[in-house]
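Going by UniProt numbering, the sequence shown runs without a break in its numbering and finishes at 446.
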Amino acid sequence: GLSGKLTAVFDRLRGRGALSEEDVSAALREVRVALLEADVALPVARDLINKVRERAVGQEVIRSVAPGQQVVKIVNDALVEALGGAGAPTGIDLNAPAPVAILMVGLQGSGKTTSSGKIALRLKNRDRKKVLLASLDVHRPAAQQQLATLANQTGVTSLPIIPFQTPLEIAARALDTAKRELYDVVILDTAGRLAIDEALMAEVAEVKRFATPHETLLVVDAMTGQDAVNTAREFHEKVGVTGIVMTRVDGDARGGAALSMRAVTGAPIKLLGAGEKLDALEDFHPERIAGRILGMGDIVSLVEKAAATIDQAEAEKLAARMQKGIFTLEDYAKQLEQIGKMGSLQGILGMLPGVGKIKQQMAGANLDESILKRQAAIISSMTAKERRAPDIIKASRKKRIAAGSGVQVQDVNRLLKQFDDMSAMMKRMNKLGQKGLMRGGLG
Ligand code: GDP
Ligand code: MG
Numbered sequence: 004g005l006s007g008k009l010t011a012v013f014d015r016l017r018g019r020g021a022l023s024e025e026d027v028s029a030a031l032r033e034v035r036v037a038l039l040e041a042d043v044a045l046p047v048a049r050d051l052i053n054k055v056r057e058r059a060v061g062q063e064v065i066r067s068v069a070p071g072q073q074v075v076k077i078v079n080d081a082l083v084e085a086l087g088g089a090g091a092p093t094g095i096d097l098n099a100p101a102p103v104a105i106l107m108v109g110l111q112g113s114g115k116t117t118s119s120g121k122i123a124l125r126l127k128n129r130d131r132k133k134v135l136l137a138s139l140d141v142h143r144p145a146a147q148q149q150l151a152t153l154a155n156q157t158g159v160t161s162l163p164i165i166p167f168q169t170p171l172e173i174a175a176r177a178l179d180t181a182k183r184e185l186y187d188v189v190i191l192d193t194a195g196r197l198a199i200d201e202a203l204m205a206e207v208a209e210v211k212r213f214a215t216p217h218e219t220l221l222v223v224d225a226m227t228g229q230d231a232v233n234t235a236r237e238f239h240e241k242v243g244v245t246g247i248v249m250t251r252v253d254g255d256a257r258g259g260a261a262l263s264m265r266a267v268t269g270a271p272i273k274l275l276g277a278g279e280k281l282d283a284l285e286d287f288h289p290e291r292i293a294g295r296i297l298g299m300g301d302i303v304s305l306v307e308k309a310a311a312t313i314d315q316a317e318a319e320k321l322a323a324r325m326q327k328g329i330f331t332l333e334d335y336a337k338q339l340e341q342i343g344k345m346g347s348l349q350g351i352l353g354m355l356p357g358v359g360k361i362k363q364q365m366a367g368a369n370l371d372e373s374i375l376k377r378q379a380a381i382i383s384s385m386t387a388k389e390r391r392a393p394d395i396i397k398a399s400r401k402k403r404i405a406a407g408s409g410v411q412v413q414d415v416n417r418l419l420k421q422f423d424d425m426s427a428m429m430k431r432m433n434k435l436g437q438k439g440l441m442r443g444g445l446g
């Protein structure tokens with residue numbers, strides 16, 4: 004994954020004070036590939052990379068996390084910002100005199116009709132609104148019936164179908180009905196084309212001028228690749244949009260289209276479609292999509308946690324000792340403590356300098372959190388002397404330590420054996436390091 008590639012790029016950076024331009028450039032080449040693979044449009048990816056470059060160069064290296072992951076965090080933050088910022092308002096704006104008109108626009112098959120049904124259902128159930136659905140799609144024979152069927156399933160009213168009306172006539176009838184029958188919201192579902200064409204744009208723009216909707220939602224398929232930018236630009240210039248609904252996030256698309264759309268229109272992403280079912284509608288969380296675009300949501304929160312909880316001074320002291328080949332049970336206990344502070348063990352080991360490689364070496368050793376806690380307890384039952392010179396721990400001491408920490412003697416044996424293996428390995432790695440083969444490997 005991206006993180007692995009970045010870790011490789013930055014491995015040689017350990018021990019330096021700040022991220023240099025060259026190092027950041029190398030990392031950003033990987034980030035750029037990740038963005039493009041996630042379907043972020045090229046110009047949008049380029050802008051984001053430039054922003055990250057400005058921010059990353061010269062930034063202090065956080066010693067307790069791998070620098071590659073630190074860059075991922077910077078990229079992630081820029082992404083979240085570009086997607087509207089954490090805690091951005093989500094959902095539909097109903098803050099207007101009733102009936103509030105919502106116009107749904109987008110290419111054919113993007114999910115306009117389905118999303119209309121989903122939004123209607125949510126407004127009815129969650130917001131207790133009286134909603135009217137109207138299909139203005141006169142181009143596809145079954146389109147109006149499709150919306151009527153959806154409305155039926157959700158218990159929402161749909162405008163009766165009258166054949167041979169134009170979209171404008173249907174819109175007028177919908178608005179009129181909504182006013183007369185005191186609807187809170189009227190959702191106008193429009194026709195789409197497989198590709199953008201002038202006639203369609205003119206039709207939608209005309210409906211918009213007439214209906215003056217409070218929200219004009221551009222519905223886009225998350226699978227839309229580089230085209231996302233063109234689609235968004237066209238709709239924004241010719242029609243004007245107030246928000247974006249991104250559908251099919253239940254598929255395996257990474258969601259870069261969201262970033263492209265947002266960048267081009269400046270309009271917020273308001274809702275996500277996450278399935279064909281009518282309840283598959285979700286609020287938009289920039290952090291989640293950012294994580295998805297980078298393909299590493301978890302790492303970002305781990306870096307945040309690590310930066311917040313790991314005692315910098317302690318981590319540096321430990322690293323310095325390890326680089327000299329010194330590693331005692333006390334050091335091990337400190338490491339366990341820092342890991343414990345951060346909560347979940349999975350994924351965290353790899354983020355601690357040095358520990359990532361230990362973890363690789365111990366792959367299959369079946370480490371879990373309860374074992375770490377037990378080990379910390381065992382070490383705390385030892386005397387200072389025992390911690391510094393574990394060789395003196397023979398049978399009777401083992402019994403005492405086991406009783407003191409509530410474990411079996413064999414657990415004490417296992418810990419001592421593991422510690423032995425670790426210190427032997429560190430000595431080996433340290434030797435290699437001094438030969439220049441693994442410079443900074445135990446950073
Ligand atoms: P429209 O042409 O823009 O009105 O698109 P439709 O609403 O008719 O949707 C086209 C197809 O996409 C239908 O088969 C929908 O069931 C499907 N669809 C819509 N939204 C989603 C979604 O969020 N996830 C999935 N998996 N399918 C969706
Ligand atoms: Mg439709």
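Even for Gly, the Cβ is constructed at its ideal location relative to N, Cα and C.
Keep in mind it's a predicted model, so treat the numbers as computed, not measured.
Cβ-Cβ separation between A231 and A44: approximately 6 angstroms, consistent with a contact (criterion under 8 angstroms). Taken in chain order, the whole beta strand (DSSP E) runs of length 3 or more contained in the stretch 164-227 are 188-192, 218-224.
The closest CA to that of A104, considering only R403, T245, V27, is found on T245. Between the alpha carbons of V207 and T193 lies a distance of about 7 angstroms.
When distances are taken from the beta-carbon of K211 to the heavy atoms of ligand 2, even the shortest one reaches 7 angstroms or more. Between Q149 and the set V252, S118, K402, R257, the nearest pair of CA atoms involves S118. Contact between the stretch 403-419 and the stretch 377-394 is present: three or more C-beta pairs spanning the two stretches fall below 8 angstroms. When Cβ pairs closer than 8 angstroms are counted between the two stretches, the stretch 215-222 is seen not to touch the stretch 132-147, the count staying below three. The criterion of a C-beta distance shorter than 8 angstroms is satisfied by A41 and R257.
Rounded to the nearest angstrom, the gap between the Cα atoms of K388 and D394 is 10 angstroms. L86 is positioned such that its CB atom lies closer than 8 angstroms to that of L262. Excluding its 5 nearest sequence neighbours in each direction, I95 has C-beta neighbours in its own chain below 7 angstroms: I105, I122, E218, K273, listed in chain order.
With contact defined as three or more Cβ pairs closer than 8 angstroms, the stretch 209-216 and the stretch 167-182 are in contact. At a threshold of 7 angstroms, A283 counts as near ligand 1, since its beta carbon sits closer than that to one of the ligand's heavy atoms. Residue pairing by DSSP places I272 opposite I247 in a beta bridge. For ligand 2, no non-hydrogen atom lies closer than 7 angstroms to the CB of T250. For V108, the secondary structure class from DSSP, reduced to helix, strand or coil, is strand.
Here K127 has K133, V134, T157, G158, V159 as same chain residues with Cβ atoms under 8 angstroms from its own Cβ, once five neighbours each way along the sequence are excluded. If you draw a straight line from the Cα of G112 to the Cα of D286, it is about 21 angstroms long. In this chain, the alpha helix (DSSP H) harbouring S408 covers 398-408. Put simply, the backbone Cα of N79 is about 22 angstroms away from that of V248.
Relative to ligand 2, the nearest heavy atom lies less than 7 angstroms away from the CB of T116. Excluding five sequence positions before and after V410, the CB atoms of its chain that fall closer than 8 angstroms to its own CB belong to R377, A380, I381, given in chain order. A buried status is given to R265, since no fewer than 16 other beta-carbon atoms sit within 10 Å of its beta-carbon. Contact check for A293 and L51: beta-carbon distance about 11 angstroms, past the 8 angstroms limit, so the pair fails to qualify. Between ligand 2 and the CB of D224, the shortest heavy atom gap is not smaller than 7 angstroms. For D187, the Cβ stays outside the 7 angstroms cut-off from all heavy atoms of ligand 1. At the C-beta level, R196 and D224 stay beyond 8 angstroms of one another. Here DSSP, grouped into helix, strand and coil, assigns A59 to helix.
Sequence-distant partners of I396 (beyond 5 residues in either direction) whose C-beta falls short of 8 angstroms from its own C-beta, in its chain, are M385, E389, I404, V415, L419. The C-beta of I165 has fewer than 16 other C-beta atoms within 10 Å across all chains shown, which makes the residue exposed. Annotation for A151: the continuous alpha helix (DSSP H) segment containing it runs 146-157.
DSSP, read as helix, strand or coil, puts V232 in helix. Note on geometry: alpha-carbon atoms of H288 and L275 lie some 9 angstroms from one another. Under the three-state reduction of DSSP output, L126 falls in the helix class. For S28, no beta strand (DSSP E) segment is defined; the enclosing uninterrupted segment is the alpha helix (DSSP H) at 24-40.
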